[in-house]
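**Student:**
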Amino acid sequence: MGEDSQMHSRNETMSRIMRDLMKMHSDSPPGISAAPVSDDIMHWQAIILGPEDTPWENGIFELTVDFPDDYPHKPPRFKFVTNMYHPNIYVDGSICLDILQTNWSSVYDISAVLNSIRSLLTDPNPNSPANVEAARLFVTDKDAYEQQVFRCVQLSLA
Numbered sequence: 000m001g002e003d004s005q006m007h008s009r010n011e012t013m014s015r016i017m018r019d020l021m022k023m024h025s026d027s028p029p030g031i032s033a034a035p036v037s038d039d040i041m042h043w044q045a046i047i048l049g050p051e052d053t054p055w056e057n058g059i060f061e062l063t064v065d066f067p068d069d070y071p072h073k074p075p076r077f078k079f080v081t082n083m084y085h086p087n088i089y090v091d092g093s094i095c096l097d098i099l100q101t102n103w104s105s106v107y108d109i110s111a112v113l114n115s116i117r118s119l120l121t122d123p124n125p126n127s128p129a130n131v132e133a134a135r136l137f138v139t140d141k142d143a144y145e146q147q148v149f150r151c152v153q154l155s156l157a
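Note that numbering that gives the first Met the number 0 numbers the sequence shown so that position 100 is 99, with each residue one more than the last.
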């Protein structure tokens with residue numbers, strides 16, 4: 000890639016990240032916030048509040064968001080910092096969500112992705128598990144699964 004096209008790509012990435020940031024400040028969905036960490040526009044911290052009337056209610060869940068150099072053509076990496084017990088969240092906090100892998104589109108912005116992650120909390124896909132044990136419990140013993148979720152909520156408040 001030539002120097003001019005690299006500069007254009009970097010400008011496109013920065014412009015898009017700034018647009019996402021402005022949207023987060025002016026029109027973020029309820030229960031979601033995100034902003035850059037200190038002065039690094041490529042690294043954000045996000046907070047998702049547990050949706051009401053769900054086992055996740057009252058939880059405060061922290062994530063990191065790391066933008067690749069070719070965003071929005073490639074998805075950011077979202078990772079929970081808060082300990083999570085969920086069929087579609089790996090033990091390390093990485094998230095198994097189709098729009099972050101095979102179904103990524105540059106039309107998605109950070110607000111939309113965080114909203115999808117928040118929805119995933121209450122509507123997991125046990126058929127595509129990142130955490131096999133959580134998926135098994137979700138399907139076979141909802142009470143035991145919800146006890147594990149309750150522990151995550153309590154830890155998120157500590």
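Glycine is no exception: its CB is placed at the ideal position from the N, C-alpha and C atoms.
#1: Do the CB positions of Tyr70 and Thr121 come within less than 8 Å of each other?
#2: If I measure Cβ to Cβ from Trp55 and keep anything under 7 Å in the same chain, skipping five residues before and after, which residues do I get?
#3: Taking the straight line between their C-alpha atoms, what separation do you get for Thr109 and Phe77?
#4: Grab me the residues of Tyr144's own chain with a C-beta within less than 6 Å of its C-beta, minus the 5 sequence neighbours each way, in chain order.
#5: What's the C-alpha gap between Ala134 and Thr101?
#6: Using alpha carbons as the reference points, say which of Leu154, Val90, Asp140, Ile16 lies closest to His72.
#7: Counting only beta-carbon separations shorter than 8 Å, does Lys22 have a partner in chain D?
#8: Let me check one thing: in DSSP terms, what residues is Ile47 bridge-paired to?
#9: Grab me the residues of Pro74's own chain with a C-beta within less than 7 Å of its C-beta, minus the 5 sequence neighbours each way, in chain order.
#10: Output the distance between the C-alpha atoms of His42 and Thr63, rounded to the nearest integer angstrom.
**Tutor:** Straight from the coordinates:
#1: Position 71 of the sequence shown holds residue 70. Position 122 of the sequence shown holds residue 121. Between Tyr70 and Thr121, the C-beta spacing is not below 8 Å.
#2: Start at 1 with the first residue of the sequence shown, and residue 55 comes out as number 56. In its chain, beyond the 5 residues on either side, Gly49, Leu120, Thr121, Val148, Val152 have a beta carbon closer than 7 Å to the beta carbon of Trp55.
#3: Translated into positions along the sequence shown, residue 109 becomes position 110. Translated into positions along the sequence shown, residue 77 becomes position 78. Before going on, a small fix: residue 109 reads as Ile here, not Thr. Approximately 10 Å between the Cα atoms of the pair.
#4: For this step, residue 144 is matched to residue 145 along the sequence shown. Within its own chain, the residues whose Cβ lies closer than 6 Å to the Cβ of Tyr144, once the five positions on either side in sequence are excluded, are Leu136, Phe137, listed in chain order.
#5: Here residue 134 is taken as the residue at index 135 of the sequence shown, counted from 1. Here residue 101 is taken as the residue at index 102 of the sequence shown, counted from 1. Their Cα atoms are separated by approximately 21 Å.
#6: Counted from its first residue, the sequence shown places residue 72 at position 73. Checked all of Leu154, Val90, Asp140, Ile16; the closest Cα to His72 is Ile16.
#7: Structure shown: chain D not included; a single protein chain is present.
#8: The residue given as residue 47 occupies position 48 in the sequence shown. Per the DSSP secondary-structure output, Ile47 pairs in a beta bridge with Ile31, Phe60.
#9: By one-based count along the sequence shown, residue 74 stands at place 75. The beta carbon of Pro74 sits closer than 7 Å to those of Leu99, Trp103, all from its chain and outside the five residues before and after it, given in chain order.
#10: As a position in the sequence shown, residue 42 is number 43, starting the count at 1. As a position in the sequence shown, residue 63 is number 64, starting the count at 1. Cα to Cα, His42 sits roughly 7 Å from Thr63.
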